[in-house]
Structure formats: C-alpha cells, structure tokens
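Student: Take a look at this one; I'll ask things after.
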Amino acid sequence: MNSSLLIIEFLVALLGLGVLVADLWIAPSARRSLAYVAATGLLVILTFHAGGLAPADGTAFAGMFVADALSNFFKTLFLVCGIAMLLISAS
Numbered sequence: 191m192n193s194s195l196l197i198i199e200f201l202v203a204l205l206g207l208g209v210l211v212a213d214l215w216i217a218p219s220a221r222r223s224l225a226y227v228a229a230t231g232l233l234v235i236l237t238f239h240a241g242g243l244a245p246a247d248g249t250a251f252a253g254m255f256v257a258d259a260l261s262n263f264f265k266t267l268f269l270v271c272g273i274a275m276l277l278i279s280a281s
C-alpha cells in the first residue's frame, strides 16, 4: 500500500484540525489572525506539493485512490482557491 500518496490530504486535514482546536483557545479579537495562519499553512502545503516533494503518480488502497496529473492539477487548484478564500474572508 502506497499511503504516501495521501500526504497532501493528511496535511490539509491536520491543518484543519489544528485551526479548529486553536480557535477554541484564542480570544475573539484575535481570530482574524487565525485565517492568516491557516492561509500560511496552506501555502506551505502548496509549496510542498508543487515542489515535487510529495509523490506524483501511483495508486493506493487497491486502486481506489489514484494520483495522476489530473488529480495533481485539482489539488493545486483547490489549495490556491483555499488560500484565496481565507485571505478574502480575513479582510
């Protein structure tokens, strides 16, 4: 099983959980900065993905998860849209 293909999805889920947990303990006046932290986290994940550090092609879970050029394009697109959405919502 090649679960390293899912590293981008795992990182995004871990970032989301981290932001949710951090939201519980920060003051309401400081919550705007949390959007910038999340956008920075997505930017780091995008750099990790676009830099070729994550595996590019393959299958996992007996062929139920396929990583190819199309899936990499949409991962990049969704990460960029997520960053834009966070920056727009913070301002």
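In the working numbering, the protein residues as written are 191 to 281.
Glycine included, each C-beta is placed from N, C-alpha and C at the ideal position.
Using 8 Å as the cut-off, can you tell me whether the segment 211 to 231 makes contact with the segment 244 to 260, which would need three or more C-beta pairs spanning the two stretches below that distance?
Tutor: Result no; under three Cβ-Cβ pairs closer than 8 Å.
Student: Classify G208 as helix, strand or coil using the three-state DSSP reduction.
Tutor: Position 18 of the sequence shown, counted from the start, is the residue given in the question as residue 208. Looking at G208 - three-state DSSP - the assignment turns out to be helix.
Student: By Cβ distance, which residues of its chain are closer than 6 Å to L269, with the 5 residues on each side in sequence left out?
Tutor: For the purposes of this step, residue 269 is taken as residue 79 along the sequence shown, with counting starting at 1. Closer than 6 Å at the Cβ level, and outside the excluded window around L269, lie L232 and L236.
Student: Note down, in chain order, each residue of its chain lying with its Cβ closer than 7 Å to the Cβ of D258, except the 5 sequence neighbours on either side.
Tutor: Looking up residue 258 in the sequence shown gives position 68. Counting only Cβ-Cβ distances below 7 Å, and skipping sequence neighbours, we find D247.
Student: At the level of alpha carbons, what is the spacing between M254 and S219?
Tutor: Reading the sequence shown from its first residue, position 64 is the one you call residue 254. Reading the sequence shown from its first residue, position 29 is the one you call residue 219. Approximately 44 Å, taken between the alpha carbons.
Student: Say the cut is 7 Å; is the CB of G231 nearer than that to a heavy atom of the ligand PLP?
Tutor: What this structure holds is no ligand at all, so the ligand PLP is not there to describe.
Student: With DSSP run on the structure shown, which of helix, strand or coil describes A246?
Tutor: The count along the sequence shown starts at 1 and reaches residue 246 at position 56. DSSP places A246 in coil when its eight states are reduced to three.
Student: What is the DSSP secondary structure of F255, counted as helix, strand or coil?
Tutor: Residue mapping note: residue 255 aligns to position 65 of the sequence shown, counting from 1. Residue state for F255 is assigned as strand, using DSSP reduced to three classes.
Student: Taking I235 as part of the alpha helix (DSSP H), name the residues at either end of that continuous run.
Tutor: Counting from 1 along the sequence shown, the entry for residue 235 is found at position 45. That run of the alpha helix (DSSP H) goes R221 to A240.
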